[in-house]
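One structure below.
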Amino acid sequence: MRRLLNDPYDVVEEMLEGFCRAHSEHVHLYEDDGRVVVSNLAPVKNKVGVIIGGGSGHEPLFLGYVGENFADAAVIGNINTSPSPESCYNAVKAVDAGRGCIYLYGNYAGDVMNFDMGAEMAAEDGIRVETVTITDDVYSSENIADRRGVAGDFFVFKAAAAKAAMGADLDEVVAAAKKANDNTRSMGVALSSATHPATGRAMFELAEGDMEIGMGIHGEPGVRRGKLQNADKVVDEIMSYILPDLPFEAGDEVAVLVNSLGATPLMDLHICYRRVAQILDEKKIKIYSSLVGPYATTMDMFGMSITLMKLDSELKELLDYPCNAPYYVKK
Amino acid sequence: MYTDCILGKDYFYQVIEKIAGLIEEKRDYLTELDAAIGDADHGFNLSIGFREVLKKMPEWKDKDIKGFFRSVGMTLLGKVGGAAGPLYGSFFMKFGEPGSGKDEVTFQELFEMFKQGVEAVEQRGKAILGEKTMVDALRPALNAFEKAMKENLEAKQVMEAFVDAARQGAEATIDMIAKKGRAMRLGERSRGHLDPGAASSTMILEVFLDCFPF
Numbered sequence: 135m136r137r138l139l140n141d142p143y144d145v146v147e148e149m150l151e152g153f154c155r156a157h158s159e160h161v162h163l164y165e166d167d168g169r170v171v172v173s174n175l176a177p178v179k180n181k182v183g184v185i186i187g188g189g190s191g192h193e194p195l196f197l198g199y200v201g202e203n204f205a206d207a208a209v210i211g212n213i214n215t216s217p218s219p220e221s222c223y224n225a226v227k228a229v230d231a232g233r234g235c236i237y238l239y240g241n242y243a244g245d246v247m248n249f250d251m252g253a254e255m256a257a258e259d260g261i262r263v264e265t266v267t268i269t270d271d272v273y274s275s276e277n278i279a280d281r282r283g284v285a286g287d288f289f290v291f292k293a294a295a296a297k298a299a300m301g302a303d304l305d306e307v308v309a310a311a312k313k314a315n316d317n318t319r320s321m322g323v324a325l326s327s328a329t330h331p332a333t334g335r336a337m338f339e340l341a342e343g344d345m346e347i348g349m350g351i352h353g354e355p356g357v358r359r360g361k362l363q364n365a366d367k368v369v370d371e372i373m374s375y376i377l378p379d380l381p382f383e384a385g386d387e388v389a390v391l392v393n394s395l396g397a398t399p400l401m402d403l404h405i406c407y408r409r410v411a412q413i414l415d416e417k418k419i420k421i422y423s424s425l426v427g428p429y430a431t432t433m434d435m436f437g438m439s440i441t442l443m444k445l446d447s448e449l450k451e452l453l454d455y456p457c458n459a460p461y462y463v464k465k
Numbered sequence: 019m020y021t022d023c024i025l026g027k028d029y030f031y032q033v034i035e036k037i038a039g040l041i042e043e044k045r046d047y048l049t050e051l052d053a054a055i056g057d058a059d060h061g062f063n064l065s066i067g068f069r070e071v072l073k074k075m076p077e078w079k080d081k082d083i084k085g086f087f088r089s090v091g092m093t094l095l096g097k098v099g100g101a102a103g104p105l106y107g108s109f110f111m112k113f114g115e116p117g118s119g120k121d122e123v124t125f126q127e128l129f130e131m132f133k134q135g136v137e138a139v140e141q142r143g144k145a146i147l148g149e150k151t152m153v154d155a156l157r158p159a160l161n162a163f164e165k166a167m168k169e170n171l172e173a174k175q176v177m178e179a180f181v182d183a184a185r186q187g188a189e190a191t192i193d194m195i196a197k198k199g200r201a202m203r204l205g206e207r208s209r210g211h212l213d214p215g216a217a218s219s220t221m222i223l224e225v226f227l228d229c230f231p232f
């Protein structure tokens, strides 16, 4: 194992303690619940509360996107495990400003059960909570509603949070989140497993020199496993699944996210991005904006994912809306 | 029938204590089962929950059976997360219901407890038989309990039939294709693996038999 940890039972709490100290100008832990990271500005007067969350191990996903004009709170679960219903409910109590809240998270069975129970508890208090689950991972299912959420979470969080920051009501924020999700597609490649902090062992087996195209961020199997190929070939294969899925066509404008699964260096990501841009140029798809870096990771996993979001004027405005969070600033 | 078979709070305390110990002992085994078709954390997350249960149990000594299991369920719900948290949390919270205001229950009431617990899991997980989940152990076990009681088997034999059915049900998940949870996305590749939820729920039911005082 090549990880810097203490007692594996303390990893999440110790991470949160460090995170909230390091970014104390943005966030703090909710006083009644150490698994809820709250923006220092929340509750924001007259604003729909935006609550994101999921398991730990995907940082900066979730907690890094809590801040001004971004999420109001992130609910944090154990490693790769959704948070508890009580924490989901406590996040509502922490951020609700009287206009209701939206839960946004990747579409996984555990997350759905826990967040739904949280919403039921909030409803008993008379607080309306709506949910949009993110389903951007192209290869995870034929049926879009069954697909899981991966790095596309970022675009959906950004769009919904901007809509809320503009003063929209809950229905409008839900509509913006759905629109963002409907226009977002992702797919990745894994070159290694991550190390589970509790066992100190790989979460799944993937031999050195092999890769798995389409693998999920928890090691869910993908399209195929094979020998590692060069960057261009890997990008070509991933793009051959993403582009026809929406589909993305000539004349479209897109936002691009080339994301590291944790251990893949920026050098490799930019080499991959270059190939993505070449393909989009060939297809006459215009790149409106790009992000390259670790946005949704799996701890120390080697690998990369590509996310495209098809834009219209509303989605452009939402992505461009200024925000200030520990791991994403838009001026 | 079964009028002599009364189960007191001490039985239930002992069961929960033993389950907590067993989860700790089998943590890595359950996690390995989960690594094959899930996300390699089932044992670890359950152990987080049951460690907390064990720590808090002394505070629950004066509660009635319902209150005790409500505390167990709420603790698991709060600490475990994932799918296992709501499923086991709901199981134990409902399991205690028939013990409202009571320090002991009849064998008939024990059946009612299992019935409510299993139904809670089915509702929360929206799972039915054959989907490679813990329901594949729990539902056949419950059905066997009911059948054995109707056949007027002795309480101990009823419990044995109950656990046998859970074991067989869990075993049968090996040949199933997952239709729920993370393993669902594996399709055909989920075949050939024991479902970790069916395995852990069978382990838990076995403790109810091991501690059975009759």
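Sequence lines, in order, name chains A and B. Quick note on this note's numbering: the first sequence kicks off at 135 and runs consecutively. Quick note on this note's numbering: the second sequence kicks off at 19 and runs consecutively. Note that the Cβ used here is the ideal one computed from N, Cα and C, for glycine as well.
Within-8 Å CB hit, residue i to chain A
| i | result |
| --- | --- |
| Phe62 (chain B) | yes |
| Asp301 (chain B) | Past the boundaries of the shown model lies residue 301 (chain B); chain B is included only from 19 to 232, so the question cannot be answered. |
| Lys97 (chain B) | yes |
| Ala217 (chain B) | no |
| Asp46 (chain B) | yes |
Secondary structure of residue i, DSSP reduced to three states
| i | result |
| --- | --- |
| Glu264 (chain A) | strand |
| Ile210 (chain A) | strand |
| Asn224 (chain A) | helix |
| Ser218 (chain A) | coil |
| Leu362 (chain A) | coil |
| Leu175 (chain A) | coil |
| Ala459 (chain A) | strand |
| Asp280 (chain A) | helix |
| Ser158 (chain A) | coil |
| Ile405 (chain A) | helix |
| Pro394 (chain A) | The sequence shown places Ser at residue 394 (chain A), not Pro. Looking at Ser394 (chain A) - three-state DSSP - the assignment turns out to be strand. |
| Leu171 (chain B) | coil |
| Met247 (chain A) | helix |
| Leu377 (chain A) | helix |
| Tyr20 (chain B) | coil |
| Thr269 (chain A) | coil |
| Arg209 (chain B) | coil |
| Glu202 (chain A) | strand |
| Met194 (chain B) | coil |
| Ser423 (chain A) | strand |
| Leu546 (chain A) | Since the first and last residues shown for chain A are 135 and 465, residue 546 (chain A) lies out of range. |
Interface flag, residue i vs chain B, CB-CB below 8 Å
| i | result |
| --- | --- |
| His330 (chain A) | yes |
| Gly437 (chain A) | no |
| Thr215 (chain A) | yes |
| Gly348 (chain A) | no |
| Met149 (chain A) | no |
| Tyr143 (chain A) | yes |
| Phe338 (chain A) | yes |
| Ala253 (chain A) | no |
| Met321 (chain A) | no |
Closest by C-alpha distance to residue i, when choosing among the options
| i | options | result |
| --- | --- | --- |
| Ala53 (chain B) | B:Thr124, B:Pro231, B:Val225, B:Gly215 | B:Gly215 |
| Val368 (chain A) | A:Glu354, A:Ser424, A:Gly348, A:Ala384 | A:Gly348 |
| Ala314 (chain A) | A:Gly350, A:Ser221, A:Gly283, A:Glu342 | A:Gly283 |
| Val178 (chain A) | A:Leu195, A:Ala324, A:Cys235 | A:Cys235 |
| Asp402 (chain A) | A:Ala384, A:Phe382, A:Asp366, A:Ile421 | A:Asp366 |
| Asn140 (chain A) | A:Glu165, A:Ala332, A:Gly260 | A:Ala332 |
| Asp259 (chain A) | A:Met251, A:Val266, A:Thr265 | A:Met251 |
| Thr191 (chain B) | B:Pro116, B:Ser219, B:Ile34 | B:Ser219 |
| Ser439 (chain A) | A:Lys450, A:Asp230, A:Glu346, A:Ala228 | A:Glu346 |
| Gly187 (chain A) | B:Gly100, B:Ile55, B:Leu51 | B:Gly100 |
| Asp386 (chain A) | A:Ile419, A:Tyr461, A:Gly343 | A:Ile419 |
| Asp193 (chain B) | B:Glu149, B:Phe230, B:Lys168 | B:Glu149 |
Neighbour-count burial assignment, residue i, 16 or more Cβ in a 10 Å radius
| i | result |
| --- | --- |
| Arg319 (chain A) | buried |
| Arg409 (chain A) | buried |
| Phe291 (chain A) | buried |
| Met135 (chain A) | exposed |
| Glu193 (chain A) | buried |
| Asp59 (chain B) | buried |
| Phe338 (chain A) | buried |
| Phe232 (chain B) | exposed |
| Lys198 (chain B) | buried |
| Asn174 (chain A) | exposed |
| Leu400 (chain A) | exposed |
Distance cut-off 7 Å: residue i Cβ against heavy atoms of the ligand FAD
| i | result |
| --- | --- |
| Val98 (chain B) | Questions concerning the ligand FAD fall outside what the structure shown contains, since it holds no ligand whatsoever. |
_Closer than 9 Å between beta carbons: that is the criterion. Which residues of the stretch 352 to 370 of chain A meet it against chain B?_
His352, Gly353, Glu354, Pro355
_Contact residues within the stretch 101 to 119 of chain B, judged by C-beta distance below 7 Å to chain A_ = Ala101, Gly103, Pro104
*Residues of the stretch 62 to 93 of chain B with a CB closer than 9 Å to any CB of chain A: list them in chain order, please.*
Phe62, Asn63, Ser65, Ile66, Arg69, Met92
*Name the residues in the stretch 185 to 213 of chain B whose C-beta lies less than 7 Å from a C-beta of chain A; which are they?*
Lys198, Gly199, Arg200, Arg203, Leu204, Arg207
*asked:* Can you pull out the residues from the stretch 218 to 236 of chain A whose beta carbon lies closer than 9 Å to at least one beta carbon of chain B?
replied: Ser218, Pro219, Glu220, Ser221
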